[in-house]
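Everything below concerns the one structure shown next.
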Amino acid sequence: PFSVFNQLRETTPIRYDHERQCWDLFLYEDVHEILKTHAVFSSERKRTLEANTILTMDPPRHTKMRNIVNKAFTVKSVQNLAPRIQEIVHQLIDLIIQQGQMEVVRDLSAPLPVIMIAELLGVPKEDRLLFKEWSDVAIKGVDQYTEEHLAAVAAEHKKAQIELSQYFTDMMNQRRTEPKDDLITALLRAEVDGEKLTDKEIIDFCILLLIAGNETTTNLITHGIRLLTEQPDIQEQVAQDSALIPSFIEETLRYYPPVLGVSRVAKQEIEIYGQKIHQGEVVMAWVAAANRDPRVFSDPDTFVVNRTPNHHLTFGKGIHFCLGAPLARLEAKIAFEEIFKRLTEIRLQKGTKVEINPSPLLYGLKEYPVTFQTV
Ligand code: HEM
């Protein structure tokens, strides 16, 4: 999609799409401004799931709700998860080496975030598969905003959501009698303006974490491996110097962003480039276009493994900046450290046709089979 984004950014910095009924903006400066200016560009947008979450809230409620979970997701808190992430990655790569080949999505990049979020929430091991199935369904079509799409996936969503809700309800009841050191227990204890959260609010929070964190992190790791196979010289370079892994991950986020764009709703009339955006109209901020804006990034279509600074907008900006960014970064860092420690000569399996998931807002691959040698 990137050549299209490049072209649109350079020819039509703003446009109204009649079919999708929204404004599109492509320049870094504008995407940045929209995300930062939450007083004008509201997050109280149309929701695909019937969940009311911080992702679709404005202050003051947003601030208070986000504060409840903030602490669990800071760089410092997630650092405590490092040994466990390490262990999971190690086991996954043991299996991959036993198999002798790897389908990246199935064998590594999909299981890792699901296992981590399940454990954070307090889901026991034996329920993990079930959990993954629900979250896959819940994710499906979450990025589709047209009525037809919504109707088509609504039934499936509804079913998964009912089952997930039931599951979380049982978990909550269990934690009420027997609190544990997990997010569900923390959410049960939390108060906003002196009031406890309702069961529905807690369930919605859990569902949000599933939806926001799983496929995105999966795609980050998949794209990273994809890049290593597309540019073997970079694979070589990072293999020789593992200190490059964090900047390699940041550049992967910029270059192949798992989230292509985010939407907002205009709270008031506002004029941009002589175009009047009316109150209530939807505005799309195209992160993927902004990330390759030559006004901000030199040589933007080149993957520069040690690009500094690298102020990509892949995790958003401002008050809704991705809550899970430290976790996603840590999972990716540990995964790539382990990959480089144990695997070499990673190549796309011959004859593979790489398929991009058909989603307007998320950017990911269905599967990515690779061959490798062990170190
Ligand atoms: C918000 C991207 C991983 C939880 C966001 C936003 C973006 C984003 C762009 C802002 C949306 C907006 O402004 O409307 C990503 C990417 C990820 C990732 C690219 C992986 C590479 C995660 C993970 C979690 C998570 C692992 C949780 C475990 C959230 C939550 C929000 C959010 C809860 C809402 C924050 C708020 O509204 O205040 N993410 N995300 N994300 N993300 Fe992530």
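Residue numbers for the sequence shown follow the numbering used here, so the first one is 248 and each next one is one higher. Heads up, the beta-carbon is just placed ideally off N, CA and C, and yes, glycines get one too.
Where residue i sits in the DSSP three-state scheme
| i | result |
| --- | --- |
| valine 389 | Only weak support is given to the placement of valine 389: the predicted model assigns it a pLDDT of 46, under 50, and the value that follows is read from those uncertain coordinates. Three-state DSSP puts valine 389 in coil, outside helix and strand. |
| glutamine 333 | helix |
| serine 510 | strand |
| lysine 597 | coil |
| leucine 590 | strand |
| leucine 560 | coil |
| glutamate 614 | coil |
| valine 370 | coil |
| alanine 204 | With the chain represented from 248 up to 622, any question about residue 204 goes unanswered, as that position is not in the structure. |
| alanine 532 | strand |
| serine 324 | helix |
| methionine 418 | helix |
| methionine 304 | coil |
| asparagine 253 | helix |
| glutamate 276 | helix |
| glutamate 350 | strand |
Burial state of residue i, where buried means 16 or more other Cβ atoms lie within 10 Å
| i | result |
| --- | --- |
| glycine 471 | buried |
| threonine 463 | buried |
| histidine 265 | exposed |
| alanine 468 | One detail in the question is off: residue 468 reads as isoleucine in this sequence, not alanine. It counts as buried. |
| leucine 376 | exposed |
| threonine 476 | buried |
| proline 504 | buried |
| tyrosine 502 | buried |
| glutamine 348 | exposed |
| serine 250 | exposed |
| lysine 405 | exposed |
| alanine 532 | buried |
| proline 360 | buried |
| isoleucine 603 | exposed |
Anticipated Cβ contact below 8 Å, residue i with residue j, distance rounded
| i | j | result |
| --- | --- | --- |
| leucine 282 | leucine 455 | Leucine 282 to leucine 455, Cβ: 18 Å. No contact. |
| asparagine 461 | isoleucine 364 | 7 Å |
| leucine 608 | glycine 508 | 6 Å |
| isoleucine 492 | phenylalanine 568 | Contact flag wrong, Cβ pair sits at about 22 Å. |
| glutamine 515 | glutamine 526 | 5 Å |
| glutamate 578 | isoleucine 343 | Not a contact, Cβ separation roughly 16 Å. |
| tyrosine 615 | arginine 473 | 6 Å |
| leucine 435 | arginine 422 | 6 Å |
| valine 336 | glutamate 585 | 5 Å |
| valine 287 | alanine 513 | 7 Å |
| tryptophan 270 | isoleucine 593 | Between isoleucine 593 and tryptophan 270 the Cβ distance is about 41 Å, and since that is not below 8 Å, they are no contact. |
For residue i: DSSP bridge partner residues
| i | result |
| --- | --- |
| glutamate 518 | Lys523 |
| tyrosine 263 | Trp270 |
| threonine 621 | Leu590 |
| threonine 603 | Checking the displayed sequence, the identity of residue 603 turns out to be isoleucine instead of threonine. For isoleucine 603, which the question treats as bridged, DSSP gives the partners Leu612. |
| phenylalanine 288 | Ala513 |
| valine 439 | Glu442 |
Proximity test, residue i beta-carbon vs the ligand HEM heavy atom, cut-off 7 Å
| i | result |
| --- | --- |
| threonine 469 | no |
| isoleucine 586 | no |
| threonine 284 | no |
| glycine 347 | no |
| valine 325 | no |
| threonine 321 | no |
| histidine 567 | yes |
| proline 505 | yes |
| histidine 525 | no |
| alanine 490 | no |
| serine 290 | yes |
| glycine 460 | yes |
| proline 360 | yes |
| leucine 355 | no |
| valine 551 | no |
| proline 559 | In the sequence as displayed, the identity of residue 559 is histidine instead of proline. Because no heavy atom of the ligand HEM lies under 7 Å away, the Cβ of histidine 559 does not count as near it: no. |
| isoleucine 562 | A quick correction: the sequence has phenylalanine, not isoleucine, at residue 562. Yes. |
| isoleucine 335 | no |
| alanine 582 | no |
Check: residue i C-beta below 7 Å from any heavy atom of the ligand ATP
| i | result |
| --- | --- |
| leucine 474 | Ligands displayed in this structure: the ligand HEM; the ligand ATP is not among them. |
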